[in-house]
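Undergrad: Just so you know, the sequences run in chain order A and B. Just so we're aligned: the first sequence equals residues 122 to 417 in the numbering used here. Just so we're aligned: the second sequence equals residues 122 to 417 in the numbering used here.
Protein chains: 2
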Amino acid sequence: MKQVVECIPNFSEGRDPSFLDEIVKVIKDAGCKVLDASMDASHNRSVVTFVGTPADVEQAAFSAAKRASELIDMEKHQGEHPRIGATDVIPFVPIHGVTMDDCVEMANRVGKRIGEELGIPVYLYAKAATRPDRVRLPDVRRGEYEGLKEAIKTDPDKKPDFGPSQLHPRAGATAVGARPPLIAFNVNLNTGDVKIARAIARKIRESSGGLPHVQAMGIRIEETGLAQVTMNLLDYRSTSMEVVFSKIEEEVASRGVEIVNSELIGLVPLDALLDVAFARLKLEGFSKERILDLMV
Amino acid sequence: MKQVVECIPNFSEGRDPSFLDEIVKVIKDAGCKVLDASMDASHNRSVVTFVGTPADVEQAAFSAAKRASELIDMEKHQGEHPRIGATDVIPFVPIHGVTMDDCVEMANRVGKRIGEELGIPVYLYAKAATRPDRVRLPDVRRGEYEGLKEAIKTDPDKKPDFGPSQLHPRAGATAVGARPPLIAFNVNLNTGDVKIARAIARKIRESSGGLPHVQAMGIRIEETGLAQVTMNLLDYRSTSMEVVFSKIEEEVASRGVEIVNSELIGLVPLDALLDVAFARLKLEGFSKERILDLMV
Chain A
122 MKQVVECIPN FSEGRDPSFL DEIVKVIKDA GCKVLDASMD ASHNRSVVTF
172 VGTPADVEQA AFSAAKRASE LIDMEKHQGE HPRIGATDVI PFVPIHGVTM
222 DDCVEMANRV GKRIGEELGI PVYLYAKAAT RPDRVRLPDV RRGEYEGLKE
272 AIKTDPDKKP DFGPSQLHPR AGATAVGARP PLIAFNVNLN TGDVKIARAI
322 ARKIRESSGG LPHVQAMGIR IEETGLAQVT MNLLDYRSTS MEVVFSKIEE
372 EVASRGVEIV NSELIGLVPL DALLDVAFAR LKLEGFSKER ILDLMV
Chain B
122 MKQVVECIPN FSEGRDPSFL DEIVKVIKDA GCKVLDASMD ASHNRSVVTF
172 VGTPADVEQA AFSAAKRASE LIDMEKHQGE HPRIGATDVI PFVPIHGVTM
222 DDCVEMANRV GKRIGEELGI PVYLYAKAAT RPDRVRLPDV RRGEYEGLKE
272 AIKTDPDKKP DFGPSQLHPR AGATAVGARP PLIAFNVNLN TGDVKIARAI
322 ARKIRESSGG LPHVQAMGIR IEETGLAQVT MNLLDYRSTS MEVVFSKIEE
372 EVASRGVEIV NSELIGLVPL DALLDVAFAR LKLEGFSKER ILDLMV
C-alpha cells in the first residue's frame with residue numbers, strides 16, 4: 122500500500138469561492154485527493170484537507186502557498202481568526218507508512234522552499250518547532266500579521282526559521298509544521314443531565330489534570346436530549362481511544378449512568394481503530410503487515 | 122484504494138520445487154502478489170496464497186491452472202490428501218471493495234474458461250455451488266480422481282458445471298469456488314489444564330452445538346505450558362471475533378481461569394479487526410470510507 126500524508130492548510134480568504142476553487146485545483150493538479158474544502162466568512166478563512174503520497178503532498182502544499190500569495194493581500198485582510206499570512210498554517214500529518222520524523226522533514230523542505238523561492242518568512246511549529254516558544258500555534262501567531270511587521274525585523278525571538286526577516290508585502294508569514302492526526306470522538310450517555318457529562322469531561326481532559334493530549338467538554342444534544350462527552354484526542358498514540366473509553370466507562374459506572382454509544386466525527390487514522398481491536402482481544406505478536414486489504 | 126481478492130489454489134504436486142517456482146512465476150507475471158507458497162511431500166500437494174485486483178487474480182488463476190495441466194500427470198499422482206485434479210481447487214475470497222457475489226462471478230468466469238479452453242471439467246463449490254451436494258469440498262472430492270473417471274461419464278450427479286463430461290487425460294477435474302476468508306484465532310488461558318480448554322472448545326464450536334462457522338479444539342502449548350483454545354473462524358461476518366472472544370470470556374470466568382492473550386495466525390481481513398473496534402466503542406454511524414489510510 123502507498124505511503125499517505127495528510128495536510129490541512131489554512132488560508133486567509135473565506136469570502137470568495139473562486140479563491141477556494143483555485144486552491145483546490147492546484148492541490149488536485151499535484152496528484153493529491155481533496156477530502157474537504159470549506160470557507161468561513163466571519164473568520165475570513167478557508168481550510169482544505171487533502172491526502173497523498175509524501176512527494177505529492179509536498180508539491181501540493183508549496184504550490185497552494187504560492188497561489189495563495191498571488192491571490193491574497195494581507196494588507197486588506199480582516200477576520201475574527203488570528204493569522205499571520207495568506208497561507209496562515211500548513212500542518213503535515215503522518216497517516217500510513219510514514220513517521221512523524223518524515224513529516225518534520227517535509228515541513229523543513231516545504232518551509233525552506235516557501236522562504237527561499239517565495240520570499241515568505243516561515244516559522245516551524247508543533248513537532249517541527251526549533252524552539253519551545255514555537256510549539257504552540259497561538260504563541261507563533263502572537264501579535265498577528267499587523268504586529269509581526271515590526272517585530273520580525275527587531276525582535277530576535279521572531280527571526281523566522283526560513284526566508285527573510287521581513288514580512289512578504291502581500292502574503293505575510295506562514296507557520297509550517299508536523300503534528301499527529303486529531304480525532305474528534307464523542308460519547309453519548311443515557312442521561313439528559315449535562316452536569317454528569319461536564320463532571321466526566323473534567324476528569325478526562327488534560328487541562329484539569331486528566332489524560333494527556335485530551336480536550337473534553339460536557340454538552341447536551343438537542344436532537345436526542347442526551348448528555349455527551351465531546352472530545353478531541355490530539356495524540357492517539359499517547360492516549361488511545363481505548364484508554365479514553367475505559368476511563369469514561371469507569372466514571373460513568375461510579376455515577377450510575379451508562380454509555381449509549383459513541384461517534385467519530387470526520388476522518389480517522391486506521392491505527393487508532395486497530396489499537397482498540399488489539400486491546401480488546403489482548404492480541405499479541407500481530408502487525409499490520411498481516412492485514413490482507415493492505416497488501417495490494 | 123484498490124479492490125482486493127485473495128486466491129488460494131491447491132495443486133497436486135508437492136515434491137518438485139521447480140513446479141512451485143513455475144506456478145509462482147505465472148501468478149506474479151499476471152500482476153498478483155504471492156503471499157505464501159508451500160509444498161507438502163506426504164500430501165504431494167502445493168498451496169499458493171496470492172492477492173491482487175479482481176481482473177489480475179482471474180487471469181493468474183486461469184494461467185496457473187493451465188500451467189499445472191501441462192506439468193502434472195494425475196495418472197502418476199499419489200498422496201495422502203484427497204484430490205480430483207492437477208489444480209485441485211481454486212477458491213476466490215473477497216477482501217476489499219469486492220462482494221461475495223463478485224467472487225462467485227469470478228468463479229463462474231474462470232470455471233468456464235478452464236472448462237472450455239483447457240477441456241478440464243469444473244465443479245463450482247462453496248458460495249459458488251449450483252447444487253447443495255457441491256457446497257462442501259469433501260462432497261465434491263468423493264471418489265477422488267480415480268473414482269471420478271467413470272462416475273463423471275455415467276452419474277448425472279457428477280455432471281460438471283463447465284467443461285466436458287470426462288476427465289482431462291492428465292489434469293483430471295478442478296473445483297472452483299468462492300468463500301469468506303478463514304481466520305485462525307487462538308486464545309491462551311492462564312492454566313496448564315488442557316481439559317478446561319477442551320471444555321471451552323466444545324462450547325464454542327459449531328459441531329458440538331456452539332457458534333456457527335467456528336471450528337475449535339483445546340490443546341496445550343509445550344513452550345508455554347498453557348492451555349489454548351485454537352480456532353478457525355470460517356465466516357467472520359456471521360460469527361465475529363468479538364462474539365467468539367466474549368463467549369470465551371464468559372466460559373473462562375465460570376471456570377475460575379483467565380485469558381492471558383490471543384494470537385492471529387497468518388493473514389486477516391481488515392473488516393474482522395474493525396468490527397472488534399466498533400463493538401468495543403459502541404461506535405455508531407461510522408463507515409470505512411472515513412479511514413484516512415484507505416483514501417489514497
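Don't be surprised by glycine CBs; every beta carbon is placed ideally from N, CA and C.
Here's the rule I'm using: 16 or more other beta-carbon atoms within 10 Å means buried, otherwise exposed. How should residue 360 (chain A) be labelled?
TA: By one-based count along the first sequence, residue 360 (chain A) stands at place 239. Under this definition residue 360 (chain A) is a buried residue.
Undergrad: With 9 Å as the limit, tell me which residues of the segment 389-408 of chain B have their beta carbon closer than that to any beta carbon of chain A; keep them in chain order.
TA: Cβ contacts with chain A come from 389, 390, 391, 392, 393, 394, 395, 396, 397, 398, 399, 400, 401, 402, 403, 404, 405, 406, 407.
Undergrad: Select from A:176, A:285, A:266 the residue whose C-alpha is nearest the C-alpha of residue 233 (chain A).
TA: Start at 1 with the first residue of the first sequence, and residue 233 (chain A) comes out as number 112. Of the candidates A:176, A:285, A:266, the one whose C-alpha sits nearest the C-alpha of residue 233 (chain A) is A:285.
Undergrad: Can you check whether the C-beta of residue 378 (chain B) is within less than 8 Å of a C-beta belonging to chain C?
TA: The question asks about chain C, but that chain is absent: this structure's protein chains are A and B.
Undergrad: Measuring only between beta-carbons, confirm whether residue 213 (chain A) sits less than 8 Å from chain B.
TA: In the first sequence, the residue the question calls residue 213 (chain A) occupies position 92. So no, residue 213 (chain A) is outside the interface.
Undergrad: Interface residues of chain A around residue 302 (chain B) at Cβ under 8 Å?
TA: As a position in the second sequence, residue 302 (chain B) is number 181, starting the count at 1. Per Cβ cutoff of 8 Å: 413.
Undergrad: Of all the options B:330, B:282, B:122, B:411, which has the alpha carbon lying nearest to the alpha carbon of residue 386 (chain A)?
TA: Looking up residue 386 (chain A) in the first sequence gives position 265. Considering only alpha carbons, the answer is B:411.
Undergrad: With H, G and I counted as helix, E and B as strand and the rest as coil, what does DSSP make of residue 122 (chain B)?
TA: As a first step, residue 122 (chain B) must be located in the second sequence, where it is residue number 1. Residue state, collapsed to three classes: coil.
Undergrad: Could you tell me which chain A residues have their CB closer than 7 Å to the CB of residue 362 (chain B), listed as they occur along the chain?
TA: Residue numbering aside, residue 362 (chain B) sits at position 241 when the second sequence is read from its first letter. The answer, in chain order, is 402.
Undergrad: Within 10 Å of its beta-carbon, does residue 204 (chain B) have 16 or more other beta-carbons around it, so buried, or fewer, so exposed?
TA: Counting from one through the second sequence, the residue named residue 204 (chain B) turns up at place 83. Classification of residue 204 (chain B): buried, given that the 10 Å Cβ count is 16 or more.
Undergrad: Would the segment 258-267 of chain B and the segment 178-192 of chain B be scored as touching if the rule is three or more Cβ pairs under 8 Å?
TA: They do not touch, by the three-pair rule.
Undergrad: Are the CB atoms of residue 401 (chain A) and residue 397 (chain B) within a distance shorter than 8 Å?
TA: By 1-based counting over the second sequence, the position of residue 397 (chain B) is 276. By 1-based counting over the first sequence, the position of residue 401 (chain A) is 280. Contact flag set, yes.
Undergrad: Strictly below 8 Å CB to CB, what residues from chain B border residue 383 (chain A)?
TA: Position 262 of the first sequence, counting from 1, holds the residue named residue 383 (chain A). Within 8 Å Cβ-Cβ: 402, 403, 404, 405.
Undergrad: Where residue 415 (chain B) and residue 276 (chain B) are concerned, what is the direct C-alpha to C-alpha distance, given to the nearest angstrom?
TA: Counting from one through the second sequence, the residue named residue 415 (chain B) turns up at place 294. Counting from one through the second sequence, the residue named residue 276 (chain B) turns up at place 155. Between residue 415 (chain B) and residue 276 (chain B), the C-alpha separation is close to 50 Å.
Undergrad: Within the same chain, show all residues whose beta-carbon is closer than 6 Å to that of residue 161 (chain A), passing over the 5 residues directly before and after it, in chain order.
TA: Locating residue 161 (chain A) in the first sequence gives position 40, counting from the first residue. For residue 161 (chain A), where only same-chain residues beyond five positions count, the Cβ hits under 6 Å are 135.
Undergrad: Output, in sequence order along the chain, the residues in the segment 144-167 of chain B whose CB is closer than 8 Å to any CB in chain A.
TA: From the segment 144-167 of chain B, only 154, 156 have a Cβ closer than 8 Å to chain A.
Undergrad: Taking the alpha-carbon positions, what's the residue 347 (chain B) to residue 367 (chain A) distance?
TA: Locating residue 347 (chain B) in the second sequence gives position 226, counting from the first residue. Locating residue 367 (chain A) in the first sequence gives position 246, counting from the first residue. In a straight line, the C-alpha of residue 347 (chain B) is about 28 Å away from that of residue 367 (chain A).
Undergrad: Assuming residue 419 (chain A) contacts residue 225 (chain A) (C-beta within less than 8 Å), just tell me the rounded distance between them.
TA: Here chain A comprises residues numbered 122 to 417, so residue 419 (chain A) is not present and cannot be evaluated.
Undergrad: Got a sec? Which residues, its chain only, sit under 7 Å from residue 215 (chain B) by beta carbon, not counting five neighbours each side?
TA: Here residue 215 (chain B) is taken as the residue at index 94 of the second sequence, counted from 1. If we look at residue 215 (chain B) and ignore the five residues flanking it on each side, its Cβ neighbours are 126, 221, 223, 224.
Undergrad: Have a look at residue 290 (chain B) and residue 271 (chain B) and give me their C-alpha separation to the nearest angstrom.
TA: Within the second sequence, residue 290 (chain B) is the residue found at index 169, counting from 1. Within the second sequence, residue 271 (chain B) is the residue found at index 150, counting from 1. Going by the C-alpha atoms only, they are around 12 Å apart.
Undergrad: At what residue ranges does the segment 204-278 of chain B contain a whole run of the beta strand (DSSP E), taking only runs of 3 or more?
TA: Listed in chain order, they are 208-217, 243-247.
Undergrad: Note down the Cα distance separating residue 210 (chain A) from residue 333 (chain A), rounded to an integer number of angstroms.
TA: For the purposes of this step, residue 210 (chain A) is identified with residue 89 of the first sequence, where counting begins at 1. For the purposes of this step, residue 333 (chain A) is identified with residue 212 of the first sequence, where counting begins at 1. Roughly 24 Å separates the two Cα atoms.
Undergrad: Could you work out which residues of chain A lie near residue 368 (chain B), taking near to mean beta carbons separated by less than 9 Å?
TA: Reading the second sequence from its first residue, position 247 is the one you call residue 368 (chain B). By Cβ distance, chain A contributes nothing, its closest Cβ being about 13 Å from residue 368 (chain B), past 9 Å.
Undergrad: Would a check of beta-carbon distances place residue 417 (chain B) closer than 8 Å to chain A?
TA: Taking the second sequence and counting its residues from 1, the one referred to as residue 417 (chain B) is at position 296. Judged by the 8 Å Cβ criterion, residue 417 (chain B) is in contact with chain A.
Undergrad: Counting contacts by CB-CB distance shorter than 8 Å, is residue 217 (chain B) in contact with chain A?
TA: For the purposes of this step, residue 217 (chain B) is identified with residue 96 of the second sequence, where counting begins at 1. With 8 Å as the cut-off, residue 217 (chain B) counts as an interface residue toward chain A.
Undergrad: Terminal residues of the continuous alpha helix (DSSP H) containing residue 157 (chain A)?
TA: Translated into positions along the first sequence, residue 157 (chain A) becomes position 36. It is not in any alpha helix (DSSP H) - residue 157 (chain A) instead sits in the beta strand (DSSP E) that spans 154-161.
Undergrad: Where residue 318 (chain A) and residue 355 (chain A) are concerned, what is the direct C-alpha to C-alpha distance, given to the nearest angstrom?
TA: Against the first sequence, residue 318 (chain A) aligns to sequence position 197. Against the first sequence, residue 355 (chain A) aligns to sequence position 234. Answer to the nearest angstrom: the Cα atoms are 20 Å apart.
Undergrad: Run down chain B in chain order and give the residues with a C-beta less than 8 Å from the C-beta of residue 123 (chain A).
TA: Taking the first residue of the first sequence as position 1, residue 123 (chain A) is located at position 2. Chain B residues near residue 123 (chain A): 417.
Undergrad: For the ligand NAD, is there any heavy atom lying closer than 7 Å to the beta carbon of residue 282 (chain B)?
TA: As far as ligands go, the structure on display features none, and thus does not contain the ligand NAD.
Undergrad: Which residues of the segment 165-189 of chain B have a Cβ closer than 8 Å to any Cβ of chain A? Give them in chain order.
TA: Residues 172, 173, 174.
Undergrad: Using a cut-off of 7 Å between C-beta atoms, extract the partners of residue 127 (chain A) located in chain B.
TA: Counting from 1 along the first sequence, the entry for residue 127 (chain A) is found at position 6. Chain B residues near residue 127 (chain A): 413.
Undergrad: Given a cut-off of 8 Å, decide if residue 331 (chain A) and residue 325 (chain A) are closer than it, judged by their beta-carbon atoms.
TA: Counting from one through the first sequence, the residue named residue 325 (chain A) turns up at place 204. Counting from one through the first sequence, the residue named residue 331 (chain A) turns up at place 210. Closer than 8 Å, so yes.
Undergrad: Rounded to the nearest angstrom, what separates residue 141 (chain B) and residue 165 (chain B) at their Cα positions?
TA: Locating residue 141 (chain B) in the second sequence gives position 20, counting from the first residue. Locating residue 165 (chain B) in the second sequence gives position 44, counting from the first residue. Taking the straight line joining both Cα atoms gives about 12 Å.
Undergrad: Could you check what DSSP says for residue 359 (chain B) in three-state terms: helix, strand or coil?
TA: In the second sequence, counting from the first residue as 1, residue 359 (chain B) sits at position 238. Residue state, collapsed to three classes: coil.
Undergrad: Can you tell me which of A:388, A:417, A:183, A:132 puts its alpha carbon nearest to the alpha carbon of residue 302 (chain A)?
TA: What you label residue 302 (chain A) is simply residue 181 of the first sequence in a count that begins at 1. When each option's Cα is compared against that of residue 302 (chain A), the closest is A:388.
Undergrad: Does DSSP put residue 283 (chain B) in a helix, a strand or coil?
TA: Position 162 of the second sequence, counted from the start, is the residue given in the question as residue 283 (chain B). Reduced to three states, the DSSP call for residue 283 (chain B) is strand.
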